[in-house]
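So the number in the working numbering is just where the residue sits in the sequence shown, counting from 1, plus 950.
First comes the structure, then the notes that go with it.
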Amino acid sequence: MNAVVTPSTAADTRTALKFITCGSVDDGKSTLIGRLLVDSKAVLQDHLAGVQRQGETDLALLTDGLAAEREQGITIDVAYRYFNTETRKFIIGDAPGHEQYTRNMVTAASSADAAVVLVDATKLDWRDAGLKLLSQTRRHSLLLQLLRVPSIVFAVNKLDAVEDPTLAFNHIRAALSEFALAAGLQATATVPVSALEGWNVVNPAQDALWCGYGGPTLLKILEHLPVTPADADLPLAFPVQWVEKPSVSLAPEAKSTASRRVFWGRVATGGVSTGQVVQVMPSGQTAAVAQVFDHVRQPGDRQAGQSAGLVLDREVDVSRGDWLLAHEAVGDPLVPTREIQATVAWLDDDPLVPSRVYWALHGHRWVKARVSRIEHQIDIQTLSKQATTQLAANAIGHVVLSLQEPLATLPFERSRALGSMVLVDVASHRTAGAVLVR
């Protein structure tokens, strides 16, 4: 795991990087973000004064904003903060470490460009060359891999609190490398830090070779990480979020189609242009795109990741939740199917059991989904596949889902938008699981 981001992977630093911090509880995630904000001069003096406790600054309070978080001293929900340096803008998500709130971490990771996984050196038997990582560290890392977070950085924290920080860092880095190799996880870097003291976070440690490291600070690494690329090389897939009734307020170029509805949403994959033939799913009707608008109703082609309004050349039945797909792509590679093989990160307290029915949300479309069978569960410690009859909270497993209506999907490794869905309990309406199509 190299500490240096090579120029070939360097990003356009004009684009804001959205990253999260994760790991086990009390590993120092909130303190690390507080340190990033303070040392990069992104916190106003009056705000900083508000987090003083007995004459000392409690950096964690800069992100722990809920009353329950401050009372318990833990992070419960994802807190987002914004800051920028001379070279880049950042959006940080502080994800909770408790197993109980893993669903919140999954939500934050699903849209992140990068993740910083904190590892608390004081919780590990750092003197042992064969030390074992905490379960939540392994679980969060596996979830990041499953969710296709492009860049994962391990930050070994609290090395200021151990007797031999160099030995501790070397042993922990070796354990992380062994785990990453076994899991097939590509980590960008492993960095020694002290969030409390501010060493190697924004500013280098006083000793340039602290822990025998000598590499860039965490912030320098973040400044050069790439953002998640849009799925522009795939066929058009456009989930309809809102249907606007006919209006005369369209741009002058659209007068011939002003009496038709506008279908608004964000292009999930590919691109859309005037004249393109699309097929409506699930009805199967086809039409040509007569007009394409941006978010301020200016005409022009739109690409993956951009919001758009589409007017079709004829009236067809399109509602919120429908998908507009490139006509020539339906059947290859977008094959509508009622049976899906998927990896599931189970988030509900009630276990997932075969034959149970859930609501599945794909884009903006809701369909009933039944768990046909559970193929196996992934053991967090050994990464082996284990036979099981149910998936408990925070378990990861492979399942087969039977859908009430066909959905056009792609494997998640090819498309985040087309390869992901959420399972919701039909009775409690709780988010039950994150589904990644295989």
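We put the CB at the ideal spot given by N, CA and C, even for glycine.
key: Backbone CA spacing between His1309 and Lys991 [nearest angstrom]   = Mapped onto the sequence shown, residue 1309 falls at position 359. Mapped onto the sequence shown, residue 991 falls at position 41. Inspection of the sequence shows that residue 1309 is occupied by Trp rather than by His. Between Trp1309 and Lys991, the C-alpha separation is close to 45 angstroms.
task = May I ask which residues mark the beginning and end of the alpha helix (DSSP H) holding Gly984?
result = By one-based count along the sequence shown, residue 984 stands at place 34. Boundaries of the alpha helix (DSSP H) around Gly984: Lys979 to Asp989.
ask   = With contact counted as at least three CB pairs below 8 angstroms, one residue from each stretch, are the segment 1283-1292 and the segment 1301-1308 in contact?
value = As far as the Cβ criterion goes, the segment 1283-1292 does not touch the segment 1301-1308, which means the pair count is below three.
request  = Please state if the CB of Asn1107 and the CB of Gly984 are separated by a distance shorter than 8 angstroms.
outcome  = Start at 1 with the first residue of the sequence shown, and residue 984 comes out as number 34. Start at 1 with the first residue of the sequence shown, and residue 1107 comes out as number 157. When the beta-carbon positions are compared, Gly984 and Asn1107 stay at least 8 angstroms from each other.
task = For His1379, count neighbouring Cβ atoms within 10 angstroms of its own Cβ and tell me buried if that reaches 16, exposed if not.
result = Counting from 1 along the sequence shown, the entry for residue 1379 is found at position 429. An exposed status is given to His1379, since fewer than 16 other beta-carbon atoms sit within 10 Å of its beta-carbon.
message = On the criterion of 16 or more Cβ atoms from any shown chain inside 10 Å, does Ala1377 qualify as buried, or is it exposed?
response = To locate residue 1377, count along the sequence shown from 1; it is residue 427. Exposed.
Alpha-carbon spacing of Gln1191 relative to Leu1262, whole angstroms = Translated into the one-based positions of the sequence shown, residue 1191 becomes position 241. Translated into the one-based positions of the sequence shown, residue 1262 becomes position 312. Annotation: Gln1191 to Leu1262 spans about 16 angstroms, alpha carbon to alpha carbon.
task = Compare the C-beta of Val1239 against all C-beta atoms of chain B and say whether one is closer than 8 angstroms.
result = Of the chains in the structure shown, none is chain B; there is only one protein chain.
message = Tell me the DSSP secondary structure of Asn952 in three-state form.
response = In the sequence shown, residue 952 corresponds to position 2, counting from 1. Residue placement at Asn952 is flagged as unreliable, the pLDDT there being 47, under the threshold of 50; the coordinate-derived value follows with that caveat. For Asn952, the three-state secondary structure derived from DSSP is coil.
key: Cβ pair Ser1352, Arg1320 closer than 8 angstroms   = Taking the first residue of the sequence shown as 1, we reach residue 1352 at position 402. Taking the first residue of the sequence shown as 1, we reach residue 1320 at position 370. A distance below 8 angstroms separates the beta carbons of Ser1352 and Arg1320.
query = Going straight from the alpha carbon of Asp1282 to that of Gly1259, what length do you get?
reply = Taking the sequence shown and counting its residues from 1, the one referred to as residue 1282 is at position 332. Taking the sequence shown and counting its residues from 1, the one referred to as residue 1259 is at position 309. So the two alpha carbons sit approximately 25 angstroms from each other.
ask   = So the alpha helix (DSSP H) Leu1168 belongs to, where does it begin and stop?
value = Here residue 1168 refers to the residue found at position 218 of the sequence shown. From DSSP, the alpha helix (DSSP H) with Leu1168 extends over Leu1168 to Glu1173.
query = Any idea which residues DSSP pairs Val1242 with across the strands?
reply = By 1-based counting over the sequence shown, the position of residue 1242 is 292. DSSP lists Leu1260 as partners of Val1242.
query = CB-CB under 6 angstroms to Gln895, same chain, minus the five flanking residues each way: which ones, in chain order?
reply = Outside the displayed span of the chain (951 to 1388) sits residue 895, for which this structure offers no information.
Pairwise C-alpha distance: Thr1293 and Pro1185 = For the purposes of this step, residue 1185 is taken as the residue at position 235 of the sequence shown. For the purposes of this step, residue 1293 is taken as the residue at position 343 of the sequence shown. So the alpha carbons of these two residues sit roughly 24 angstroms apart.
task = Kindly list the residues whose CB is nearer than 6 angstroms to the CB of Ala1125, restricted to its own chain and excluding five residues on each side of it in sequence; keep chain order.
result = Within the sequence shown, residue 1125 is the residue found at index 175, counting from 1. Within the same chain, Ala1125 has close Cβ partners Leu1081 and Leu1083.
inquiry  = Using only the alpha-carbon positions, how far apart do Asn1120 and Cys1161 sit?
reply    = As a position in the sequence shown, residue 1120 is number 170, starting the count at 1. As a position in the sequence shown, residue 1161 is number 211, starting the count at 1. Answer to the nearest angstrom: the Cα atoms are 8 angstroms apart.
message = For Asp996 and Glu1036, what's the separation of their Cα atoms in angstroms?
response = Position 46 of the sequence shown holds residue 996. Position 86 of the sequence shown holds residue 1036. Caution applies to Asp996, whose pLDDT of 44 falls short of 50 and renders its modelled position unreliable; the model cannot decide the point.
Range covered by the beta strand (DSSP E) that runs through Tyr1354 = Here residue 1354 is taken as the residue at index 404 of the sequence shown, counted from 1. One detail in the question is off: residue 1354 reads as Gln in this sequence, not Tyr. Element bounds for Gln1354: Ile1346 to Thr1359.
query = Thinking C-beta only, is Asp1298 closer than 8 angstroms to Ala1367?
reply = On the sequence shown, residue 1367 is found 417 positions in, with the first residue counted as 1. On the sequence shown, residue 1298 is found 348 positions in, with the first residue counted as 1. Not closer than 8 angstroms, so no.
query = Between Asp1267 and Leu1274, what straight-line distance do the alpha-carbon atoms span, to the nearest angstrom?
reply = The sequence position of residue 1267 within the sequence shown is 317, counting from 1. The sequence position of residue 1274 within the sequence shown is 324, counting from 1. In this structure, the CA atom of Asp1267 is about 11 angstroms from the CA atom of Leu1274.
query = Helix, strand or coil: how does DSSP classify Glu1147 here?
reply = Reading the sequence shown from its first residue, position 197 is the one you call residue 1147. DSSP places Glu1147 in coil when its eight states are reduced to three.
inquiry  = Suppose contacts are defined by Cβ-Cβ distances below 8 angstroms. Is Gln1241 in contact with Arg1216 by that definition?
reply    = Position 291 of the sequence shown holds residue 1241. Position 266 of the sequence shown holds residue 1216. No, Cβ-Cβ distance for Gln1241 and Arg1216 is not below 8 angstroms.
request  = Can you tell me which of the three DSSP states Phe1119 falls into?
outcome  = Sequence index remark: in the sequence shown, residue 1119 carries index 169 (1-based). Secondary structure at Phe1119: helix, using DSSP grouped into helix, strand and coil.
request  = Under 6 angstroms Cβ to Cβ from Lys1039, same chain only, skipping five residues before and after it: list those, please.
outcome  = Along the sequence shown, read from residue 1 onward, the residue named residue 1039 stands at position 89. Result list for Lys1039: Ala966, in chain order.
message = Can you look up Glu1194 in the DSSP assignment and give me helix, strand or coil?
response = Your numbering for residue 1194 matches position 244 in the sequence shown. Strand, per DSSP.
message = Just to check my reading of the structure: Ala1071 and Ala1118 have Cβ atoms closer than 8 angstroms, yes? What is that Cβ distance to the nearest angstrom?
response = Along the sequence shown, read from residue 1 onward, the residue named residue 1071 stands at position 121. Along the sequence shown, read from residue 1 onward, the residue named residue 1118 stands at position 168. Rounded, the Cβ-Cβ distance is 5 angstroms, consistent with contact.
query = Hey, Lys1335 and Ile1328 are a contact pair by Cβ (cut 8 angstroms); roughly how many whole angstroms apart?
reply = Mapped onto the sequence shown, residue 1335 falls at position 385. Mapped onto the sequence shown, residue 1328 falls at position 378. The Cβ separation is near 6 angstroms, so the contact holds.
Backbone CA spacing between Arg1388 and Gly1347 [nearest angstrom] = Taking the sequence shown and counting its residues from 1, the one referred to as residue 1388 is at position 438. Taking the sequence shown and counting its residues from 1, the one referred to as residue 1347 is at position 397. So the alpha carbons of these two residues sit roughly 12 angstroms apart.
key: CA nearest to the CA of Asp1078, picked from Met1231, Asp1114 and Ala1295   = Locating residue 1078 in the sequence shown gives position 128, where the first residue counts as 1. When each option's Cα is compared against that of Asp1078, the closest is Asp1114.
ask   = Considering Asn1054, what are the terminal residues of the alpha helix (DSSP H) in which it resides?
value = Numbered from 1 along the sequence shown, position 104 holds the residue referred to as residue 1054. Note, Asn1054: alpha helix (DSSP H), Thr1052 to Ala1059.
Classification of Gln1136 by the beta-carbon crowding that lies within 10 angstroms, buried from 16 upward = Numbered from 1 along the sequence shown, position 186 holds the residue referred to as residue 1136. Exposed, by the Cβ-count rule.
inquiry  = Contact defined as beta carbons within less than 8 angstroms: I believe Val1151 pairs with Leu986. What is the distance between those atoms, to the nearest angstrom?
reply    = Mapped onto the sequence shown, residue 1151 falls at position 201. Mapped onto the sequence shown, residue 986 falls at position 36. About 6 angstroms separates the beta carbons of Val1151 and Leu986, which is inside the 8 angstroms limit, making them a contact pair.
key: Contact set for Ala953: own chain, Cβ-Cβ below 8 angstroms, skip 5 residues either direction   = Position 3 of the sequence shown, counting from 1, holds the residue named residue 953. At Ala953 the pLDDT is 49, less than 50, meaning the model places this residue with poor confidence; the figure from the coordinates comes in the next sentence. Answer for Ala953: Ala1139, Thr1140, Val1141, Tyr1163, Gly1165, Pro1166 and Ile1171, listed in chain order.
message = Within the continuous beta strand (DSSP E) that includes His1090, where are the two ends?
response = What you label residue 1090 is simply residue 140 of the sequence shown in a count that begins at 1. Per DSSP, His1090 is not a residue of any beta strand (DSSP E); the alpha helix (DSSP H) it occupies stretches across Ser1085 to Leu1096.
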